[in-house]
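Undergrad: Numbering (the numbering used here), first residue to last: 113 to 568.
Note that CB positions come from ideal geometry on N, CA and C, so glycine has one too.
1) Could you tell me the boundaries of the alpha helix (DSSP H) in which residue 326 lies?
2) Report, in whole angstroms, the separation of the C-beta atoms of residue 492 and residue 331, which I expect to be a contact under 8 Å.
3) Around the Cβ of residue 294, are there at least 16 other Cβ atoms within 10 angstroms (buried) or fewer (exposed)?
4) In the DSSP assignment, find the beta strand (DSSP E) that holds residue 279 and state where it starts and stops.
5) Looking only at its own chain, which residues have a Cβ that is under 6 Å from the Cβ of residue 250, when we skip the five neighbours before and after it?
6) Take the Cβ of residue 129 as the centre, count every other Cβ of all protein chains shown within 10 Å, and call the residue buried at 16 or more, exposed below.
7) Is the Cβ-Cβ distance between residue 164 and residue 253 less than 9 Å?
8) Quick one: what's residue 557 bridged to in DSSP?
9) Where does residue 140 land, buried or exposed, given buried means 16+ other C-beta within 10 angstroms?
10) Just mark residue 402 as buried or exposed, buried being the case when its beta carbon has 16 or more other beta carbons within 10 Å.
11) Helix, strand or coil: which one does DSSP assign to residue 455?
12) Since residue 434 and residue 404 are thought to touch, with beta carbons under 8 Å apart, how far apart are those beta carbons, to the nearest angstrom?
13) Check residue 160 in the structure and name its three-state DSSP category.
14) Would you kindly report the start and end of the unbroken alpha helix (DSSP H) that includes residue 406?
15) Rounded to whole angstroms, what's the CA-CA distance from residue 171 to residue 425? Just pull it up for me.
16) Nearest by alpha-carbon distance to residue 498: which of 116, 126, 120, 121 is it?
17) Give the straight-line distance between the Cα atoms of residue 227 and residue 517, rounded to the nearest whole angstrom.
18) Can you grab the Cα-Cα spacing for the pair residue 191 / residue 213, in whole Å?
19) Using CA atoms only, rank isn't needed, just tell me which of 320, 369, 173, 413 is closest to residue 455.
20) One question on the structure: do residue 622 and residue 276 come within less than 9 Å of each other, judged by their Cβ atoms?
21) Got a sec: does the ligand NAP put a non-hydrogen atom nearer than 8 Å to the Cβ of residue 216?
22) Would you call the segment 318 to 338 and the segment 446 to 460 in contact, with 3 or more CB pairs under 8 Å?
23) Suppose you measure from the CA of residue 421 to the CA of residue 385; what does that come to, to the nearest Å?
24) My understanding is that residue 208 touches residue 181, with C-beta atoms under 8 Å, so please give their C-beta distance in whole angstroms.
25) Using DSSP bridges, identify the partner residues of residue 187.
26) Comparing alpha-carbon positions, which option in 431, 235, 222, 150 lies nearest residue 546?
27) On the DSSP bridge list, what partners appear for residue 438?
28) Measuring CA to CA, which of 494, 477, 500, 135 is closest to residue 573?
29) So for residue 151, helix, strand or coil by DSSP?
30) Taking the straight line between their C-alpha atoms, what separation do you get for residue 118 and residue 508?
31) Can you say whether residue 195 is buried or exposed, counting buried as having 16 or more other CB atoms within 10 angstroms of its CB?
32) As a quick exercise: from 143, 392, 281, pick the residue whose alpha carbon is nearest that of residue 460.
33) Any idea what DSSP makes of residue 293, helix, strand or coil?
34) According to DSSP, simplified to helix, strand and coil, what is residue 203?
35) Helix, strand or coil, according to DSSP, for residue 533 in the structure here?
36) One question on the structure: do residue 572 and residue 441 come within less than 9 Å of each other, judged by their Cβ atoms?
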């Protein structure tokens, strides 16, 4: 069998990532050549093959200088997957300045802006072209996208005239542009309401015609390289940097502490302290009591802690934040290997496990935020367009989240360092569609709070 190349455009986001994994397993098992997958656009996620020709076109205009780029992105930045791909594509430059020009209703999703900032991009935001041109620092490379208002509901459609005007080029703007400015567009334009009106076609601002011509050549080269016709001398810059370290120690033994926690006495914990067994403390600290109970039931169910014991919600003296605890008397921790501990860290980072013998803590383990979470039936991507979302019926897809830096509201619990009072720097991105979630969003806890429902 020869080389297989799949060019895929789909409304299902992340489908290429999943197919590459699944088909690679299939071909490897049968001794076939590894298949290649070209993402030609997946939902509103990304469009990396378009990004290849866009970056080629920008470099061509810049005389192949990769030291820096100042780029304005204009239009529907919310749905524009070609814009989303620029988060990664622009990393070929040493220095990047990005000006986002769109009304709030069409703004770039926050997680893409977060990723730009994490990558070191300088990001500025403007509500309209008019507002942008009223300030002195104007980019020479402009990238327009068409408006997809039909996806945004009646409230936005009622404002469509105002929204279109904010991101449509007008003749009286031309005199305010820097010399040498070029406009780009992934095409096709909306013939009824083009953000780049047709009177611009025969002006020096027109960079999209050359851009579309470049599309032919960049894609021929891409297919030729994937097909093995040429490119053997291509030198890679190196493998991509992993988003999270697989070897990171997120199950950490610490010095035992005595006299603290709900097992210290019945007055605090509501239970007689156990003399032998384990106590898991600080479960879901700072979350709602309903969620804390859900976490406790889930931990018991998944780890098989079905024997005698107790659990409850308590608050540290002087603290308003609640957390859960589970006590399991006469449990022998040595029967557990590494895997149950890793599962506990995935379900309840920030929690602590104490191994108690003859009334004293013999071992204490603190669980940090893991670099990745997968292989739980209780997790799901909340993006209903993702290939891994349960509603899309792809049962073979294993839900998989990777820890990534990004904006998050400060909250207790769930940090990369146990005991941290506020953590605002980590999220979990779906491996397929890259949609970020805070830690608690990925879990489906509520099934454990419904009386009578079977436990997984």
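TA: This is what the structure holds:
1) 320 to 338
2) The pair is not a contact, with the Cβ atoms about 35 Å apart (cut-off 8 Å).
3) buried
4) Note, residue 279: premise wrong, no beta strand (DSSP E); alpha helix (DSSP H) at 272 to 279.
5) 290
6) buried
7) no
8) For residue 557, which the question treats as bridged, DSSP gives no partner whatsoever.
9) exposed
10) exposed
11) helix
12) 6 Å
13) helix
14) 401 to 415
15) 59 Å
16) 126
17) 8 Å
18) 14 Å
19) 413
20) Lying outside 113 to 568, the shown extent of the chain, residue 622 is not represented and no answer is given.
21) Ligands in the displayed structure: none, and consequently the ligand NAP is not present.
22) no
23) 11 Å
24) 6 Å
25) 257
26) 222
27) 392, 423
28) This structure gives no information on residue 573, because the portion of the chain shown stretches from 113 to 568.
29) strand
30) 19 Å
31) buried
32) 392
33) coil
34) helix
35) Only weak support is given to the placement of residue 533: the predicted model assigns it a pLDDT of 39, under 50, and the value that follows is read from those uncertain coordinates. In the structure shown, residue 533 sits in coil (DSSP, three-state: anything other than H, G, I, E or B).
36) Nothing about residue 572 can be reported from this structure: the residues present for the chain run from 113 to 568 only.
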